[in-house]
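Protein chains in written order, with our numbering: chain D, 1 to 298; chain L, 299 to 735.
Heads up, the beta-carbon is just placed ideally off N, CA and C, and yes, glycines get one too.
On a predicted model such as this, the values are computed, not experimentally measured, just so you know.
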């Protein structure tokens, strides 16, 4: 390396050093430390010795609540992520139309996603109130006796999914911008070939937005697996009723800060990391078969 | 080249400014120079607002009697904050927790100091501390905490609703069997099956299952061994589940969700939506404030007829715990303050302001609140032989959450009570054994 190159390298490192320091102190070091803790019995005061794989064995083979929390998390992921992708795509398509006042509509549909999670949860607890909430009130007017939503174990998770669909603004926005990037000459060519609205959607729009769909899918799954705030507020940290809202990270929180079993919770954290990592790699691997990059590899 | 060197130098200078600024701001505020010989102790508690003001008066009374000790009070300190301070090495000298449950776990983790040696030379008569309250601060034979005021639960009932149902308002239920019968007579539904008045709902305001278990003569835990599968315990849970089934699980949930705000004139107890309800001693003051015209009575929660004599005066209570964190610097002065809290001067001053139950055996005669016969009943319950609470154990949070989730399922009718209790018994016993090693 020449002198100039070396000097530039040092200058570059100097500029990046604040970020490097932050990364090491607040991300890399805690990650390594938590991996270490996951093999120990550590509690909050620091005591606790090496236990090897015991935490992992306990979690994967014996802990019933772990399985329940995993089931709950998979439930909202497998149900909530496709629904949110679908809804945000439908909204983005509608907001892509050249209608008068479209910027008002775009703002209106986006705003719910910036309401803080805690405030939104408290708001929705009232909307979903079995007796006086807006939703059951509307259902009653059309003659349906609404379910007990957050007060009933089988309906608590669907209620939370409805709550999360209210906040699809971000995903919708990303879809909207990618819809606007679809070259209009493709649509014109399709029309010349006699394609109708549905055909144009299926053969032009959908393939062209697959990169963004991939992105939204991965981000949706990563976020869904870490679902915490809303469940915590709605169940007062207990995961009720009857463990129906005990999600993975909520159980982790209970183990760490209620039972003070930091080592056990650290093991849970690393298992979650491995789950999300493998799912993401899996999706990326299979993405080659359905994602179409214009001008790139197919 | 010189240019590059100057750039790098500038960068380092800018960085150092940020680093130093960050380090500097974390220094504790240096107060005014301490008076020579005066010791300052930090006392952290969880009260806020007007209750915090009341505690300030207690601290002032202490400082007047002990001019060489300065007390710095910090309010709004919850358990997590206190625990973090202890594990971080900067604990307060005295801390007051809102409950007794964490004591065993914190003692086991080494976060708090035992006070047996201090108690041997205590300046107050340890025998005046209500025995059941004192016992909540004990773990593995050592005393770790002193109680400072209690809350307790009893059965409130609406005398007017009794009269309207042709029941004697001066004959509230004294046994579970009577409770069942009276509740049935006091329950009303409308044409479409919705509840309009409930005689009693075991899960309002929350399911008080420990109280019910003890009322049936059952136990949650005894001497470190869980008793969840004992017949009386199972019977209590089954009773609550059957109660909900009879009222209609959905009907109850719908009914409860329409209740007005608890601390407002629209609360269910005040608007005649429930005729009898389990509630705490604070409800006396709440009724005075929100529904003064309510014609009510309050009695100890009824027990099964066969245990009527043994379980007389049953109550479920909890105490605030005063602890000595590990690593506190002024233990002698901290202990002086802890002792002061166990005297009528402090106890009565605080309880009269914030309407909690004093935990001294002498309180019934010294405390002004005892002039209210309903409140005096609570004082007597806490000092009585059947003041019950969770036995000190290091898995209290896990125990409470697991049992709460289970009871919710049982009330919904969706779990096999006997089978699940057996599973919980095994699981919680394993957790306990591991944590109590």
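Assuming residue i and residue j make a contact with CB atoms under 8 Å, what is their CB distance in whole Å?
i	j	result
residue 535/L	residue 708/L	5 Å
residue 692/L	residue 733/L	4 Å
residue 240/D	residue 551/L	Their Cβ separation, rounded to whole angstroms, is 13 Å, which puts residue 240/D and residue 551/L out of contact at 8 Å.
residue 79/D	residue 161/D	6 Å
residue 690/L	residue 436/L	6 Å
List the residues of chain D whose Cβ lies closer than 7 Å to the Cβ of residue i, in chain order.
i	result
residue 381/L	44
residue 408/L	45, 47
residue 555/L	129, 130, 131, 151
residue 657/L	Chain D residues near residue 657/L: none, gap ~26 Å exceeds 7 Å.
residue 525/L	Ordered by position in chain D, no residue passes the 7 Å Cβ test against residue 525/L, which lies about 21 Å from the chain.
residue 790/L	A question about residue 790/L goes unanswered here, because the residues of chain L that appear run from 299 up to 735.
residue 723/L	Correct list: empty, because the minimum Cβ distance to chain D is about 13 Å.
residue 403/L	260
Using beta-carbon positions only, say whether residue i and residue j come within less than 8 Å of one another.
i	j	result
residue 494/L	residue 601/L	no
residue 452/L	residue 599/L	yes
residue 489/L	residue 546/L	no
residue 272/D	residue 248/D	yes
residue 718/L	residue 428/L	no
residue 403/L	residue 246/D	no
residue 524/L	residue 705/L	no
residue 384/L	residue 409/L	yes
residue 46/D	residue 40/D	no
residue 571/L	residue 557/L	yes
residue 251/D	residue 69/D	yes
residue 511/L	residue 517/L	yes
residue 255/D	residue 265/D	yes
residue 677/L	residue 655/L	yes
Under 8 Å between C-beta atoms, does residue i make it to chain L?
i	result
residue 131/D	yes
residue 281/D	no
residue 5/D	no
residue 240/D	yes
residue 196/D	no
residue 30/D	no
residue 167/D	no
residue 91/D	no
residue 13/D	no
residue 52/D	no
Counting C-beta neighbours from all protein chains within 10 Å, is the total for residue i 16 or more, i.e. buried, or is it exposed?
i	result
residue 406/L	buried
residue 151/D	buried
residue 177/D	exposed
residue 574/L	buried
residue 278/D	exposed
residue 724/L	exposed
residue 529/L	exposed
residue 669/L	exposed
residue 99/D	exposed
residue 421/L	exposed
residue 4/D	exposed
residue 209/D	buried
residue 382/L	exposed
residue 12/D	exposed
Name the chain L residues whose beta carbon is nearer than 7 Å to that of residue i?
i	result
residue 243/D	703
At 8 Å on the CB atoms, spell out the chain L contacts of residue i, in chain order.
i	result
residue 257/D	378
residue 148/D	548, 551, 552, 555
Residues of chain L with CB closer than 9 Å to the CB of residue i, please, in chain order.
i	result
residue 157/D	What residue 157/D touches in chain L: nothing, since even the nearest Cβ is about 15 Å away.
With a threshold of 8 Å between beta carbons, is residue i in contact with chain D?
i	result
residue 699/L	yes
residue 546/L	no
residue 325/L	Note on residue 325/L: pLDDT 44, under 50, position unreliable in the model; the coordinate value appears next. Not closer than 8 Å to any Cβ of chain D, the Cβ of residue 325/L fails to qualify, so no.
residue 706/L	yes
residue 619/L	no
residue 712/L	yes
Taking C-beta pairs closer than 8 Å, name the residues in chain D that residue i reaches, listed in chain order.
i	result
residue 695/L	254, 258, 259
residue 385/L	44, 45, 46
Please compile the residues from chain D whose C-beta is within a distance smaller than 9 Å of the C-beta of residue i.
i	result
residue 411/L	Within 9 Å Cβ-Cβ: nothing; residue 411/L doesn't reach chain D, min ~13 Å.
residue 305/L	11, 14
Below 7 Å, is the gap between the Cβ of residue i and the nearest heavy atom of the ligand NAD?
i	result
residue 341/L	Among the ligands in the structure shown, none appear at all, so the ligand NAD cannot be discussed.
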